[in-house]
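Here the structure is laid out as structure tokens; the discussion comes afterwards.
Protein chains in written order, with our numbering: chain A, 9 to 292; chain B, 9 to 292.
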């Protein structure tokens, strides 16, 4: 697989790269950002996955989230995947919350979406394999994300606990099978049989399976989208499951990157504690 | 003067606001960002001015610079002015480096620019007066900026030392009277008589007047615009003047916000040390 480096910028002593590659899974070119901290120069470092929300590309959190400063301090790499397949030949919808920019981290099974919209496999298999082969990364992964990306982080990790050692989310879409941020998209991508949706709902997955570690969730109390995110369903599921973790309601914060960046330090530290620092190989 | 608040987002325990007002000086509506740290809830805090570079609005550094985290820690407010007057009735030029987005922090004296392009007076007098009256700010000011905004920070402070207690710059346009980033704009805004330009050149001002404190300048060694910025002229002027301060060449960094954000913590701390922290009033 060929990786084309579109840009590299020195950042907090490491390198913020943007790379493009042909995706076989999504059948289009895909772009992602990867921050390598200074510790990566000395040996493999753990990787934190940051999945973004509706309308975002790889770029939003990479430029506005402020993760690099904390990742450099802790010796974590951070990857910023795109949120959907893209291109003129890729299906789309006029609405901001369906189609390009709104992949919802599922493998679509219904036309016209099934030709390209396979973000679940793309993130877990293709992109993961690609970056593990191409960059100095240890095989220790954490995952987080914001809004639709928080949904992605929770669902991907809960379904694949062996692949992730740490898990957190910022204002996740928690209960998509009961929300207009979910029913529309899961119906379009997976069809009207709701039994296929349950595997992509954090509340249902958490109640059924739990999580082997502890989970950190931050949610602003002034978020304009509380009715769509349904944080109370996730908090309830954590409590019913007696799931170790912290569900933090942050007073006055909204849904913006001003919220995400305010708690980025906490989340990076959370993952670093559970992943272990980047370990430099022994020198001769 | 009426201030219209366009947005307020909770951010690192404080508030990132965006405000619009009618500018008499620029004869158009102007928009700026103002970050108030949590300490501002208890009493007036010092104010750090951040002047942005070519093509920027109030928004770029506000969303990409990462200043709020450090300002919250140190108890400083940070203001992000726009870089020029704007609007359909405001003169412009097809080039990115002249007209709207490229005010160069001067008062234009030549048509068509003189009707609106008065960023020098706008920043120093009108905007300063407006925010001092409207927000819980102490009358202690520091100033910094990036690229064209670094030029603005240095020239405004060197000409008005009584107005600023601390001074720094990121990759400033250091010697505009000898650079294509400068000769074109100063000629357009101030006319072809170069004697009028000298008062807007950091190298000439520093050699002539010096600065009452110490100055911090960061410049990336991999900056694509070194020939236009002329950092060696500024470093030379600091040395010839025996100006206290630090001129730091940062290896591998370029001209982007990945560079600015990497050193934002150092600059905010620099200003905080010289401005003093936000002081809460005595409680009864």
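Cβ atoms here follow ideal geometry from the backbone N, Cα and C, with glycine treated the same way.
- Per DSSP, residue 142 of chain A lies in no beta strand (DSSP E); the unbroken alpha helix (DSSP H) holding it starts and ends at 136-142.
- Looking at the DSSP output, residue 36 of chain A sits in a beta bridge with A:31.
- Relative to residue 128 of chain B, the option among B:93, B:53 and B:115 whose CA is nearest is B:115.
- The DSSP assignment places complete beta strand (DSSP E) segments of no fewer than 3 residues inside the segment 100-179 of chain A at 145-153 and 174-178, in order along the chain.
- Sequence-distant partners of residue 271 of chain A (beyond 5 residues in either direction) whose C-beta falls short of 6 Å from its own C-beta, in its chain, are 226.
- The C-alpha of residue 84 of chain A is placed about 44 Å away from the C-alpha of residue 95 of chain B.
- Using a CB distance cut-off of 8 Å, residue 77 of chain A counts as an interface residue toward chain B.
- With fewer than 16 other Cβ atoms inside 10 Å of its own Cβ, residue 102 of chain B counts as exposed.
- Closest option to residue 179 of chain B, judged by alpha-carbon separation, among B:164, B:199 and B:157: B:157.
- Separation of the CB atoms of residue 155 of chain B and residue 223 of chain B is rounded to 17 Å, and the pair is thereby denied contact status at 8 Å.
- CA-CA distance, residue 60 of chain A to residue 70 of chain A, rounds to 10 Å.
- Cβ-Cβ distances below 6 Å link residue 162 of chain A to 177, 180 and 210 in the same chain, with the five nearest sequence neighbours on each side left out; the list follows chain order.
- Along the length of the segment 218-247 of chain A, whole alpha helix (DSSP H) runs at least 4 residues long occupy 234-237, reported in chain order.
- Annotation: Cβ neighbours of residue 264 of chain B in chain A (cutoff 7 Å, chain order): 17.
- The beta carbon of residue 253 of chain B sits no closer than 8 Å to any beta carbon of chain A.
- Rounded to the nearest whole angstrom, the CA to CA distance from residue 279 of chain A to residue 135 of chain A is 20 Å.
- In the DSSP assignment, residue 55 of chain A falls outside any alpha helix (DSSP H) and within the unbroken beta strand (DSSP E) covering 53-59.
- A Cβ of chain B is located within less than 8 Å of the beta carbon of residue 270 of chain A.
- Beta-bridge pairing by DSSP links residue 85 of chain A to A:55.
- Residues of chain B with a Cβ closer than 9 Å to the Cβ of residue 261 of chain A are, in chain order, 17, 18 and 19.
- The segment 190-201 of chain B makes no contact with the segment 143-155 of chain B, as fewer than three CB pairs between them are under 8 Å.
- Under the three-state reduction of DSSP, residue 76 of chain A is assigned to helix.
- For residue 270 of chain A, the enclosing alpha helix (DSSP H) covers residues 265-283.
- The secondary-structure analysis by DSSP pairs residue 253 of chain A across a beta bridge with A:223.
- For residue 14 of chain B, the uninterrupted beta strand (DSSP E) segment begins and ends at 11-19.
- A contact is defined here as three or more CB-CB pairs under 8 Å, and the segment 255-262 of chain B fails this definition with respect to the segment 166-173 of chain B.
- Closest option to residue 111 of chain A, judged by alpha-carbon separation, among A:82, A:190, A:27 and A:28: A:190.
- Cβ atoms of residue 187 of chain A and residue 221 of chain A stay farther apart than 8 Å, at about 26 Å.
- Within the same chain, 134 come within 7 Å of residue 32 of chain B by CB-CB distance, once the 5 residues on both sides are set aside.
- Contact with chain A is found for residue 230 of chain B, since one of that chain's Cβ atoms lies less than 8 Å from the residue's Cβ.
- Annotated three-state conformation of residue 43 of chain A is strand, per DSSP.
- In the DSSP assignment, residue 196 of chain B falls within the unbroken alpha helix (DSSP H) covering 191-198.
- Proximity to residue 213 of chain B across B:197, B:139 and B:245 peaks at B:245, based on C-alpha coordinates.
- What residue 63 of chain A touches in chain B, judged by beta-carbon distance under 8 Å, is nothing: the nearest beta carbon there is about 15 Å away.
- In this structure, the straight-line span from the alpha carbon of residue 283 of chain B to that of residue 86 of chain B is close to 13 Å.
- Using a Cβ-Cβ cut-off of 8 Å, residue 71 of chain B is close to 71, 72 and 265 of chain A, given in chain order.
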